[in-house]
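A short write-up of the structure that comes next.
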Amino acid sequence: MTSFHPLTVSQVENLTTQSVAISFEIPAHLQSDFTFQAGQYITIKHKIHGKEVRRAYSISSAPAVSGPQASITVGIKEVAGGAFSPYANRYIQKGDVLEIMPPQGRFLYAPTSAPVHILGVAAGSGITPILSIAKSVLASGSKHTFTLIYGNKSPQDVMFSSEVETLKAAYPNQLKIQWVYSQAKEENSLFGRIDTAAINYLLKNIDTDPFDAAYLCGPEGMIKTATESLEKAGLATDQIHYELFTVATESTTEAGEATESALTAGNIAVEVTVDGETSTIEMDAKTILLDAIIKADIDAPYSCQGGVCSSCICKVTKGSASMIKNQILTDSEIADGLVLSCQAMVTSTEIAVDFDDV
Ligand SMILES: Cc1cc2nc3c(=O)[nH]c(=O)nc-3n(C[C@H](O)[C@H](O)[C@H](O)COP(=O)(O)OP(=O)(O)OC[C@H]3O[C@@H](n4cnc5c(N)ncnc54)[C@H](O)[C@@H]3O)c2cc1C
Ligand code: FES
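If you count the sequence shown from 1, you need to add 32 to reach the numbering used here.
If you want it as structure tokens, here you go:
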């Protein structure tokens, strides 16, 4: 479950001046590990200046419909000052070998044979999982339809623009696209951000047919606004799916405050089960559970360490923990004992957690 596999970079393509598409070859013996569903992400593990970094990247390529999955592609946008994305944009080359964890994630589109009408809402690098979902929907049948609203600063900043255009040419009657630019006025495009007005414009002018589901990926503010607009337009909460790449700064501040209130004092005995092996460690009550597990060199799964990717979920089988923040687990999953270990503060003097039983 937690293992990384060395995969060879088979192609590197500059998408914009600040983003790159990187494809990895999937060897025959790893086919079953790297089978994925549209919407999922991989975790890349790499050492930069001697320090290990792990980062999640959504898959932009489509799952193989039949036959082997020859490759998997991700799109990486450079974040100024970031540890990995500038490195990926500047230095990764065809032939490099990187450590990759098999696809994970709960932002999923499951193809159906019955026709569906799906909305994709993407901003910036948020296009990556939406593109995979769009390809998967459109390839499922000639009555399957997809409408994309895609926001960027300007046409020069659009990741995967030629792939989106190629898709439009291949499925002229099944795919509708509404471009939105915040810093460029272009014909047939909306000026501004993807906000309530943009979503309402789309629903009233571009596509008036009811959607079966909506998939959203972009900044937290956009997801919140788009969700509210779609709910007002009649979509049920369970028809709206979203993926966050990072959380807004305000949430981090709130989280800091929550950490303080969740503390207990003293040392805690922790039993950790990963891949069938149980280890016992001791941790300080002020430490986040995942941090203590990593420090003890236990190979638990994790990626973002920010409470957004879901790869660090474990089950509390004894004792208790509370989460600093949670935008992933449902109330019933929490009632079942699941926690995001990267957000978990232990609230009992003993705790047992299981990463396998999730
Ligand atoms: C499930 C999931 C899927 C993801 N998929 C993609 C993807 O398809 N393409 C992609 O480019 N990225 C994606 N990301 C984001 C990616 O994992 C990294 O967080 C991002 O590349 C920055 O990493 P870094 O090491 O360069 O920056 P870091 O060293 O981690 O961060 C540097 C600074 O930038 C801030 N920051 C981090 N990410 C962002 C961001 N996206 N926008 C603005 N500020 C940020 C951090 O808070 C920090 O202050 C995904 C994240 C998750 C959780
Ligand atoms: S490591 Fe991403 S949610 Fe915990």
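Virtual Cβ for every residue (Gly too), placed ideally from N, Cα, C.
Q | Sequence-distant residues of the same chain with beta carbon closer than 6 Å to isoleucine 313, five excluded per side | A | Taking the first residue of the sequence shown as position 1, residue 313 is located at position 281. Result list for isoleucine 313: Val302 and Ala328, in chain order.
Q. Cβ atoms of alanine 353 and cysteine 344: under 8 Å apart, would you say?
A. As a first step, residue 344 is located in the sequence shown; it is residue number 312 there, counting from the start. As a first step, residue 353 is located in the sequence shown; it is residue number 321 there, counting from the start. For cysteine 344 and alanine 353, no; Cβs fall outside 8 Å.
**Q.** DSSP bridge partner residues for lysine 109 (one or two, in chain order)
**A.** Here residue 109 is taken as the residue at index 77 of the sequence shown, counted from 1. Lysine 109 is bridged to Ser51.
Q | Touching by the beta-carbon criterion (3+ pairs, under 8 Å), the stretch 173-186 and the stretch 148-155 | A | yes
Q. Helix, strand or coil for alanine 363 per DSSP?
A. Within the sequence shown, residue 363 is the residue found at index 331, counting from 1. For the sequence presented, residue 363 should be read as aspartate rather than alanine. The answer is helix: DSSP assigns aspartate 363 an H, G or I state.
(Q) So, at 7 Å on beta carbons, what are the nonlocal neighbours of isoleucine 108 in its own chain, with the 5 sequence-adjacent residues on each side left out? (A) Indexing the sequence shown from 1 puts residue 108 at position 76. Hits under 7 Å: Ser51, Val52, Ile54, Tyr89, Ser117, Ala120 and Asn121.
Q) Distance, Cα to Cα, leucine 361 vs leucine 372? A) On the sequence shown, position 329 is the one that residue 361 refers to. On the sequence shown, position 340 is the one that residue 372 refers to. Here the alpha carbon of leucine 361 sits roughly 8 Å from the alpha carbon of leucine 372.
Q.
What does DSSP give as the partner residue(s) for alanine 96 in the beta ladder?
A. By one-based count along the sequence shown, residue 96 stands at place 64. None, per the DSSP bridge assignment.
**Q.** In DSSP terms, what glutamine 210 is bridged to
**A.** The residue you call residue 210 lines up with position 178 of the sequence shown. Paired residue(s): Ile181.
Q.
Quick check: the Cα distance between alanine 216 and serine 186, rounded to an integer number of angstroms?
A. For this step, residue 216 is matched to residue 184 along the sequence shown. For this step, residue 186 is matched to residue 154 along the sequence shown. When rounded, the distance between both Cα atoms is 5 Å.
Q. For serine 380, which of Ala367, Gly351, Val390 and Lys357 has the nearest alpha-carbon?
A. Taking the first residue of the sequence shown as 1, we reach residue 380 at position 348. Taking only the C-alpha atoms, the option nearest serine 380 is Gly351.
Q: With a 10 Å radius around its C-beta and 16 neighbouring C-beta atoms as the bar for buried, classify glutamine 72 as buried or exposed.
A: Along the sequence shown, one-based indexing puts residue 72 at 40. With 16 or more Cβ atoms within 10 Å of its Cβ, glutamine 72 is classed as buried.
Q: May I ask you to verify whether the stretch 55-72 touches the stretch 99-115, counting CB pairs closer than 8 Å and requiring at least 3?
A: By the Cβ test, the stretch 55-72 is in contact with the stretch 99-115, since at least three Cβ pairs between them sit closer than 8 Å.
(Q) Comparing C-alpha positions only, which one of Asn237, Lys357 and Gln210 sits nearest to valine 340? (A) Mapped onto the sequence shown, residue 340 falls at position 308. Looking at the Cα atoms, Lys357 is the closest of the given residues.
Q: Enumerate in chain order the residues of its own chain whose CB-to-CB distance from leucine 111 is below 6 Å, with the five nearest sequence positions on each side excluded.
A: By 1-based counting over the sequence shown, the position of residue 111 is 79. With the sequence shown as reference, residue 111 is identified as valine, and leucine is not the correct amino acid for it. Counting only Cβ-Cβ distances below 6 Å, and skipping sequence neighbours, we find Ser117.
(Q) Using CA atoms only, rank isn't needed, just tell me which of Leu234, Ser157, Ile320 and Tyr334 is closest to aspartate 189. (A) Translated into positions along the sequence shown, residue 189 becomes position 157. Ranking Leu234, Ser157, Ile320 and Tyr334 by Cα distance to aspartate 189 puts Ser157 first.
Q.
Could you give the first and the last residue of the continuous beta strand (DSSP E) run that contains leucine 370?
A. Position 338 of the sequence shown, counting from 1, holds the residue named residue 370. From DSSP, the beta strand (DSSP E) with leucine 370 extends over 370-372.
Q) Along the chain, where does the alpha helix (DSSP H) that runs through lysine 256 open and close? A) On the sequence shown, position 224 is the one that residue 256 refers to. Where lysine 256 is concerned, the enclosing alpha helix (DSSP H) stretches over 252-264.
Q. To which residues of the same chain is glutamine 210 closer than 6 Å at the C-beta, ignoring the five residues directly before and after it?
A. Counting from one through the sequence shown, the residue named residue 210 turns up at place 178. Answer for glutamine 210: Ile181, Leu234 and Ile238, listed in chain order.
Q. Count the other CB atoms within 10 Å of the CB of threonine 310; is the residue buried (16 or more) or exposed (fewer)?
A. What you label residue 310 is simply residue 278 of the sequence shown in a count that begins at 1. Counting every other CB atom within 10 Å of its CB across the protein chains shown gives threonine 310 a total below 16, marking it as exposed.
Q: Less than 8 Å between the CB atoms is what I'm expecting for leucine 276 and isoleucine 300, so what's the real figure, rounded?
A: Reading the sequence shown from its first residue, position 244 is the one you call residue 276. Reading the sequence shown from its first residue, position 268 is the one you call residue 300. Wrong, their Cβ atoms sit about 29 Å apart, outside the cutoff.
**Q.** Heavy atoms of ligand 1 versus C-beta positions, residues under 5 Å
**A.** Tyr73, Arg87, Ala88, Tyr89, Ser90, Ile108, Lys109, Val111, Gly114, Ala115, Phe116, Ser117, Ser157, Thr160, Phe277, Thr278, Cys336, Val340 and Cys341
(Q) Closest to valine 41 by C-alpha separation, out of Gly127, Lys208 and Ile132, would be which residue? (A) Residue numbering aside, residue 41 sits at position 9 when the sequence shown is read from its first letter. Measuring from the Cα of valine 41, the nearest candidate turns out to be Gly127.
Q) What residues in its chain sit with their C-beta under 8 Å from that of aspartate 388, if we drop five residues either side in the sequence? A) Working through the sequence shown from its first residue, we reach residue 388 at position 356. Counting only Cβ-Cβ distances below 8 Å, and skipping sequence neighbours, we find Met33, Thr305, Val306, Asp307 and Gly308.
Q. Is leucine 30 near ligand 2, in the sense that its beta carbon is under 7 Å from a heavy atom of that ligand?
A. Past the boundaries of the shown model lies residue 30; the chain is included only from 33 to 390, so the question cannot be answered.
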